[in-house]
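Taking it in order: structure first as structure tokens, then the write-up.
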Amino acid sequence: MVYNIYLDESGNTGNIELRDGDIWNYGNQPYFALGSFYIEESIANEIEQQIIEILHSYNSKLGTETELKSKANYIFKEEMLEKITALLCNKKAGFYFDIANKKYKAIINIVEYCVYPWFVDSAYIFARNEKNEAANFLYKTLSEDDIKTYINLCQTPCNDDEKITCLLSFLVKLENHYIVNKCKNNPVKAVIEVVNNYKKYNFTSEQLFPIEDFNNKGTKESFLPNVDAYNNIISSIANLKLGKNDVLNIYHDEQKQFSGVLEVWTRYMKSLDLGIGELKFCVSKDNVLVQIADFYTGNIVRLYRKIVEYKPLNRADRELIKILKPLLGYCNIVAPKYQQMEFFNQCGLKTMNTPIPFKF
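According to this note's numbering, the sequence shown is numbered sequentially starting from 5.
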């Protein structure tokens, strides 16, 4: 069976970094979301026409001449969304949304490379929960300056010796952070030993840092939430949801900055025999199904932000939760545990670990 998946994002892409002291570069958009739905290719045209009919019943140009946007304040939004959701669910569409707290994403990189990294043998004895606990601890206690130090360390070009020296300095500071906070375990000590002797262990300096990607201008970027979200969605659906002989064709909103890196990662997933088909970048105004992905994603992430920032929910918000509930269980939330709990509790859903499709 051949399936089509349609993806669009909400929130600024690009590197996670601090500028002008303690001001994060994403400003008023601390969260990033990539949303998707997938359907059988054989019924894609039929569903497209039915969605256009629904949209045109409210506005004769909507979805064709006028792009459907999640930011628009349609007075008929809830009613229209309910009809589209019922249609897609009846057609057995699958959904997946990846929502990330951008600061937490930076913390995860610190955990994965400085606390429980792959290159320390003892890290393998620690389960996913230990890593999550470390990320939640550092999110609450690590200073913005320390996070900035690590991000700049990963992004600043310098020779191997300088970079390793700076990494060791950061690791010593991180080890002391565990000591000052009187933590029972201090896993950073083992990391320092390996980094001090990385050549002896036959590691390269590049292996001690987060994977580097490059945008379409050739600029190195190591903290791209959109790339992580894309890889998670595509690999999860292809490896966990579809059959062995199924093929997944990908339709992503146009990417002026990051099409190159997404193409690279798509080729990598293809090499793993996951049943990945073609990756096509679409101008959203010309593809109503990509517009629907945007419509869902934007509304879900705004609902998420309102909930985790403890802003009161109004009647329209409650109605939105009711309509979207069949989809909200397919949200992968990359954020501190308290944010995950608050979101799912408000939506009347239970939290659980998201299955990991494989290790890249």
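Beta carbons are placed, not taken as given, at the ideal position from N, Cα and C, and that holds for glycine.
DSSP places Tyr182 in the uninterrupted alpha helix (DSSP H) bounded by 164 to 184. Around the beta carbon of Gly15, 16 or more other beta carbons sit within 10 angstroms, so the residue counts as buried. Contact between the region 311 to 318 and the region 272 to 290 is absent: fewer than 3 CB-CB pairs across the two stretches fall below 8 Å.
At a cut-off of 3 residues, the continuous stretches assigned as beta strand (DSSP E) that sit fully inside the region 97 to 127 are 98 to 105. Around the CB of Val176, fewer than 16 other CB atoms lie within 10 Å, so the residue is classed as exposed. In the displayed model, Tyr342 falls within a helix according to three-state DSSP. Counting C-beta atoms within 10 angstroms of its own C-beta, Trp269 has 16 or more neighbours from the protein chains shown and is therefore classed as buried. For Thr270, the three-state secondary structure derived from DSSP is helix. Comparing alpha carbon positions, the residue from Asn63, Glu179, Val195 closest to Asp125 is Val195.
Distance from the CA of Ile311 to the CA of Glu346, rounded to the nearest whole angstrom, comes to 7 Å. When the alpha-carbon of Thr68 is set against those of Val292, Lys188, Ile327, Tyr308, the nearest one is in Val292.
Using a Cβ distance threshold of 7 Å, Leu92 and Ile327 do not count as a contacting pair. Judged by beta-carbon spacing, Pro340 lies within the 7 Å limit of Tyr143, meaning their Cβ atoms are closer than that value.
Excluding the 5 residues flanking it on each side, Thr70 has same chain C-beta neighbours closer than 8 Å at Asn63, in chain order.
Per the C-alpha coordinates, the member of Glu50, Gly302, Thr208, Gly264 positioned closest to Ser74 is Gly302.
For Lys284, the uninterrupted beta strand (DSSP E) run begins and ends at 280 to 286, by DSSP. Under a 10 Å Cβ-count criterion, Pro191 is classified as buried, with 16 or more other Cβ atoms of the shown protein chains found around its own Cβ. Taking the C-beta atoms as reference points, Phe99 is found nearer than 7 Å to Tyr334. The DSSP-derived three-state label of Cys158 is helix. Taking C-beta separations shorter than 6 Å and ignoring five residues to either side along the sequence, the partners of Ala48 in its chain run Asn8, following chain order. With 16 or more other Cβ atoms from the protein chains shown falling within 10 Å of its own Cβ, Ile241 counts as buried. When DSSP states are grouped into helix, strand and coil, Leu252 belongs to the strand group. Bounds of the beta strand (DSSP E) holding Glu13 are 6 to 14.
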